[in-house]
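In the working numbering, the protein residues as written are 4 to 307.
This report concerns only the one structure given below.
Here's what the structure looks like:
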C-alpha cells in the first residue's frame with residue numbers, strides 16, 4: 004500500500020479563495036471603450052487569495068492557500084509558480100475535471116478599463132476546499148484553526164454563509180475582502196461575525212450597507228452602525244479609514260503616485276495591514292503601513 008505524502012509544514016496564515024492565472028493587458032496611454040492601443044500583456048499568478056498570499060510571503064510569512072486548482076497543464080504550471088513565490092499549495096483541492104481558473108483585465112493610464120473573472124471552478128468546488136480545516140490537517144470541529152485567515156469573496160454566497168456560522172471558523176482571526184463590487188453583498192452573513200475584519204472599498208461599503216457614502220470615514224461609521232466589529236475602507240487615492248467597534252474611526256491619506264497598475268492594490272493593502280498587526284503595530288501605524296504598501300504597489304514597485 005502506498006503511503007500518503009507527508010503534510011506540508013503548518014503555515015502562518017491561510018488564504019482562502021481564488022488562485023488563478025491573471026492575464027493583464029496594460030498600456031501607458033489613457034483608454035476608453037473601443038480603444039486599440041500598444042501595450043504589454045502578461046500572465047502571472049493572481050486571484051484575491053493569491054495576491055494576498057504573495058504579499059504575505061514577500062513580508063516573510065509562510066502562507067498556504069485553500070483553493071481549487073485543476074490538474075491540467077495550466078494548474079501544474081500555477082502550482083509550480085506558487086512554490087517559487089513562497090506560497091504553499093499542498094492543502095489545495097486539485098480537481099481532475101475542473102479547469103484552472105483565469106482572470107483577464109485591461110488597464111490604461113486612467114486605471115482599470117474592463118475585467119472578466121472566470122472563477123467557475125472555485126465556485127463548483129464549493130466546500131471541498133475547506134476539507135483541511137475539518138479533517139485534522141489544519142483543524143477540526145473540536146479543535147478549530149485559531150490563527151489568521153484571509154478570506155476572499157470569490158466563494159459562493161452559500162459557502163460564505165456556511166463559513167459565517169461554521170464552528171471551523173469560530174476561533175479564527177478572519178480577514179475578509181470582496182473579490183469585486185459585484186460580489187460585495189455575498190459578505191453580508193459575515194458582517195456580524197465576532198472575529199471578522201472587513202476590507203472593502205467605498206463602493207463595496209455602500210453595497211453592503213445599501214447606502215451611498217460620501218467618503219471612507221462615513222462608510223466605516225456606517226458599517227459599524229450596521230453591526231460590523233471592524234472595517235477598513237479604501238477609496239483609491241483618497242482618504243482611507245479604519246473603524247473598530249467601541250474605538251471609533253481613524254483615517255489616513257495615501258501619498259500621490261503615478262499610477263502604473265491597479266489590479267491587486269487592494270489585496271496588497273490588506274496583506275500589509277495584516278503583517279503590520281502581526282508584528283505588533285497599533286491601529287494608526289498598521290493603517291499607515293497598509294497605505295504606504297498600496298501606494299508603492301500602484302506606483303509599480305514591489306512593497307517590502
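We put the CB at the ideal spot given by N, CA and C, even for glycine.
Beta-carbon proximity check, residue 219 vs residue 210, cutoff 8 angstroms: By 1-based counting over the chain shown, the position of residue 219 is 216. By 1-based counting over the chain shown, the position of residue 210 is 207. No, the Cβ-Cβ distance between residue 219 and residue 210 is not below 8 angstroms.
Could you name the residues that DSSP lists as bridge partners for residue 107? Counted from its first residue, the chain shown places residue 107 at position 104. In the DSSP output, where bridge partners are listed per residue, residue 107 has 26 and 119.
Extent of the continuous alpha helix (DSSP H) to which residue 82 belongs: Numbered from its first residue, the chain shown carries residue 82 at position 79. Residue 82 -> alpha helix (DSSP H) spans 76 to 87.
Select from 217, 238, 248 and 125 the residue whose C-alpha is nearest the C-alpha of residue 232. The count along the chain shown starts at 1 and reaches residue 232 at position 229. Per the Cα distances, 248.
Helix, strand or coil for residue 130? Go by DSSP, reduced to three states. As a working mapping, residue 130 is identified with position 127 in the chain shown. Residue 130: helix per DSSP, three-state reduction.
Mapping DSSP to helix, strand and coil, what is residue 91? Here residue 91 is taken as the residue at index 88 of the chain shown, counted from 1. Residue 91 falls in the strand class under three-state DSSP.
Touching by the beta-carbon criterion (3+ pairs, under 8 angstroms), the stretch 139 to 154 and the stretch 168 to 188: yes
Between the alpha carbons of residue 123 and residue 76, how many angstroms are there, rounded? Translated into the one-based positions of the chain shown, residue 123 becomes position 120. Translated into the one-based positions of the chain shown, residue 76 becomes position 73. Roughly 17 angstroms separates the two Cα atoms.
Residues in the same chain with beta-carbon distance under 6 angstroms from residue 46, minus the five sequence neighbours each way, listed in chain order, please. Numbered from its first residue, the chain shown carries residue 46 at position 43. Here the set comprises 24 and 26.
From the DSSP output, in three-state form, read off residue 112 for me. Indexing the chain shown from 1 puts residue 112 at position 109. If DSSP states are grouped into helix, strand and coil, residue 112 belongs with coil.
Run of the alpha helix (DSSP H) containing residue 224, from where it starts to where it stops: In the chain shown, residue 224 corresponds to position 221, counting from 1. Where residue 224 is concerned, the enclosing alpha helix (DSSP H) stretches over 219 to 228.
Beta carbon of residue 74 nearer than 8 angstroms to that of residue 97: Stepping through the chain shown from its first residue, residue 74 is reached at position 71. Stepping through the chain shown from its first residue, residue 97 is reached at position 94. A contact, by the Cβ cut-off of 8 angstroms.
Could you tell me if residue 32 is buried or exposed, where buried requires 16 or more neighbouring beta carbons within 10 angstroms of its beta carbon? Indexing the chain shown from 1 puts residue 32 at position 29. The residue in question, residue 32, is exposed, as its Cβ has fewer than 16 Cβ neighbours within 10 Å.
Test item: CB-CB of residue 48 and residue 16 under 8 angstroms: Along the chain shown, one-based indexing puts residue 48 at 45. Along the chain shown, one-based indexing puts residue 16 at 13. Their beta carbons are not under 8 angstroms apart, which means residue 48 does not touch residue 16 by this criterion.
Residue 174 in three-state terms, based on DSSP: The count along the chain shown starts at 1 and reaches residue 174 at position 171. Three-state result, residue 174: coil.
Leaving aside the five residues before and after residue 91 along the sequence, list all residues of the same chain whose C-beta is less than 6 angstroms from its C-beta, in chain order. In the chain shown, counting from the first residue as 1, residue 91 sits at position 88. Closer than 6 angstroms at Cβ, skipping near neighbours: 11, 14 and 67.
Within 10 angstroms of its Cβ, does residue 34 collect 16 or more other Cβ (buried), or is it exposed? Along the chain shown, read from residue 1 onward, the residue named residue 34 stands at position 31. Counting Cβ neighbours within 10 Å, residue 34 comes out buried, since at least 16 surround it.
How big is the Cα-Cα spacing for residue 261 and residue 104? Working through the chain shown from its first residue, we reach residue 261 at position 258. Working through the chain shown from its first residue, we reach residue 104 at position 101. Computed Cα separation, rounded: 31 angstroms.
Counting pairs of beta carbons, one from the stretch 223 to 231 and one from the stretch 265 to 285, are three or more of them closer than 8 angstroms? no
Whole angstroms is fine: what's the gap from residue 108's alpha carbon to residue 119's? On the chain shown, residue 108 is found 105 positions in, with the first residue counted as 1. On the chain shown, residue 119 is found 116 positions in, with the first residue counted as 1. Using only the alpha carbons, I get a separation of about 6 angstroms.
Counted within 10 angstroms of its Cβ, other Cβ atoms place residue 186 as buried (16 or more) or exposed: By 1-based counting over the chain shown, the position of residue 186 is 183. The residue in question, residue 186, is buried, as its Cβ has 16 or more Cβ neighbours within 10 Å.
By the three-class DSSP mapping on this structure, what secondary structure does residue 182 have? For this step, residue 182 is matched to residue 179 along the chain shown. The answer is coil: DSSP assigns residue 182 none of H, G, I, E or B.
How is the alpha helix (DSSP H) around residue 163 delimited, first residue to last? Residue 163 sits at position 160 when you count from the first residue of the chain shown. Unbroken alpha helix (DSSP H) run through residue 163: 160 to 168.
With a cut-off of 8 angstroms on the beta carbons, I'd call residue 70 and residue 20 a contact; round off their distance for me. Stepping through the chain shown from its first residue, residue 70 is reached at position 67. Stepping through the chain shown from its first residue, residue 20 is reached at position 17. Correct: roughly 6 angstroms between the Cβ atoms.
Beta-carbon spacing of residue 177, residue 154 below 8 angstroms: For the purposes of this step, residue 177 is taken as residue 174 along the chain shown, with counting starting at 1. For the purposes of this step, residue 154 is taken as residue 151 along the chain shown, with counting starting at 1. A contact, by the Cβ cut-off of 8 angstroms.
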